[in-house]
Amino acid sequence: MIQPPKDLRRKEKLEAFDRLLTIMDELRLNCPWDKKQTLESIRHLTIEETYELSDAILTENLDEVKKEIGDLMLHMVFYSKIADEKKAFDVADALNAISDKLVHRHPHIYGDVEANDEEAVKANWEKIKLKEKGNKSVLGGVPNSLPALVKAIRIQDKARGIGFDWEKKEQVWEKVEEEMQEFKNEFNVAKDDTIDKQKAMGEFGDLLFSLVNYSRFIDIDPEEALERTNLKFIKRFQYLEEESKKDGKSISDMSLEEMDEYWEKAKTLK
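Printed below as a string of structure tokens:
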């Protein structure tokens, strides 16, 4: 096994973590707000911080990434402190648990299993998880509360981990085109007929699922791709709002053709 290079700042890192633990102890004893918090009360804040970290990563703002990592580290220490007070576990237990799990799930590093590429590692990981958790289904470890797009990615990854997957990306693209054609045939927007909304939703879901499947084969994270498009749209739309206002125009009174002129200019922005 290749040994990692010596970490010259390891002592500083340990001292920084010890400092955070000490501050958490002090806040829990002395701050009225911190004293009142429970596992449940800070849960939604953790979710918010996770999305803020995601935003910072997507905008490639490393200073913000650093800050958001710090916020999330605080939350992990906070949860561990509350659990310690309940005599359930402490931060050392949590850290040792993840270390033990990493060693167990990397037998190609800490054992005698061979895994020479990423796919072999992922497949072995899923098999070990299945044995550990005793799930009746390979998909049993996918959280129910995940956003649908992220859940589709995880479902497909887990199925692939045990070999249930297409062999070539061309096959997946054929499936995308097939689903698109089915949706078009049934729900052509050119027609004014009333559509069966439930059926349309099912077919549209099939189309999205197949697109997510294809994205895996070309190594694109569909969640990240969609979020980048969201951010791009926001930037261009806000340009439209700001520039039209400078020209003395009210966006609510503008025609689509007028707005499109600003939109085309916005598309030239980096």
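Using the working numbering, read the sequence shown as starting at 1194 and increasing by one per residue.
Using N, Cα and C, we set each Cβ at its ideal position, and we do this for glycine too.
(1) Among Ile1250, Asp1218 and Phe1430, which one has its Cα closest to the Cα of Arg1458?
(2) May I ask which residues mark the beginning and end of the alpha helix (DSSP H) holding Val1306?
(3) Using only the alpha-carbon positions, how far apart do Ser1247 and Gln1364 sit?
(4) Does the Cβ-Cβ distance between Val1335 and Lys1320 come in under 8 Å?
(5) Mind checking Ala1285: buried by the 16 CB within 10 Å criterion, or exposed?
(6) Are there 16 or more other CB atoms within 10 angstroms of the CB of Arg1353, so buried, or fewer, so exposed?
(7) Drop a sphere of 10 angstroms on the beta-carbon of Val1296, count the other beta-carbons inside from all chains shown, and report buried for 16 or more, exposed for fewer.
(8) For the putative contact between Leu1251 and Leu1424, defined by C-beta atoms under 8 Å, what is the C-beta separation to the nearest angstrom?
(9) In whole angstroms, give me the CA-to-CA distance for Tyr1455 and Lys1438.
(10) Can you check the segment 1347-1414 for any beta strand (DSSP E) of at least 3 residues that lies completely inside it and give the ranges in chain order?
(11) What's the gap between the Cα of Ala1313 and the Cα of Phe1271?
(12) If you draw a straight line from the C-alpha of Asp1227 to the C-alpha of Asn1254, how long is it?
(13) Are any of the Cβ atoms in chain C nearer than 8 Å to that of Tyr1303?
(14) Does the distance from the CB of Val1343 to the CB of Glu1416 come in under 8 Å?
(15) For the alpha helix (DSSP H) that Met1266 lies in, which residues bound it at each end?
(16) With 16 other CB atoms within 10 Å as the buried threshold, where does Leu1408 fall?
(17) Enumerate in chain order the residues of its own chain whose CB-to-CB distance from Asp1277 is below 8 Å, with the five nearest sequence positions on each side excluded.
(18) Compute the Euclidean distance between the alpha carbons of Met1373 and Phe1410, then round it to the nearest angstrom.
(19) Taking the C-alpha atoms as reference points, what is the distance between Lys1442 and Glu1435?
(20) Ignore the nearest five residues each way along the sequence and tell me which others in Ile1262's own chain have a CB closer than 8 Å to its CB.
(21) For Ile1348, collect the residues of the same chain with a Cβ closer than 8 Å to its Cβ; drop the 5 residues on either side in sequence, then sort them by chain order.
(22) Is any heavy atom of the ligand HEM found at a distance shorter than 7 Å from the C-beta of Gln1364?
(23) Would you report the Cα separation of Val1258 and Ala1249, rounded to the nearest angstrom?
(24) Measuring CB to CB, does Ile1302 end up less than 8 Å from Leu1232?
(25) Rounded to whole angstroms, what's the CA-CA distance from Lys1204 to Asp1358? Just pull it up for me.
(26) Based on Cα-Cα distance, which residue from His1268, Lys1206 and Asp1385 lies nearest to Arg1236?
(27) Can you tell me whether Ser1234 is buried or exposed? The criterion is at least 16 other CB atoms within 10 Å of its CB, across all chains shown.
(28) So for Val1335, helix, strand or coil by DSSP?
Taking the structure as given:
(1) The sequence shown places Lys at residue 1458, rather than the Arg named in the question. The shortest Cα separation from Lys1458 among Ile1250, Asp1218 and Phe1430 belongs to Phe1430.
(2) Here Val1306 belongs to no alpha helix (DSSP H), and DSSP marks it neither H nor E.
(3) 32 Å
(4) no
(5) exposed
(6) buried
(7) exposed
(8) 7 Å
(9) 11 Å
(10) none
(11) 36 Å
(12) 29 Å
(13) Annotation note: the requested chain C is absent from the structure, which comprises a single protein chain.
(14) yes
(15) Leu1255 to Glu1278
(16) The sequence given here places Ser at residue 1408; Leu does not occur at that position. It is buried - the Cβ of Ser1408 has at least 16 other Cβ atoms within 10 Å.
(17) Asp1283 and Val1284
(18) 18 Å
(19) 10 Å
(20) Leu1246
(21) Leu1332 and Val1335
(22) Absence of the ligand HEM from the depicted structure is noted, as is the absence of any ligand whatsoever, leaving it without description.
(23) 5 Å
(24) no
(25) 46 Å
(26) His1268
(27) exposed
(28) coil
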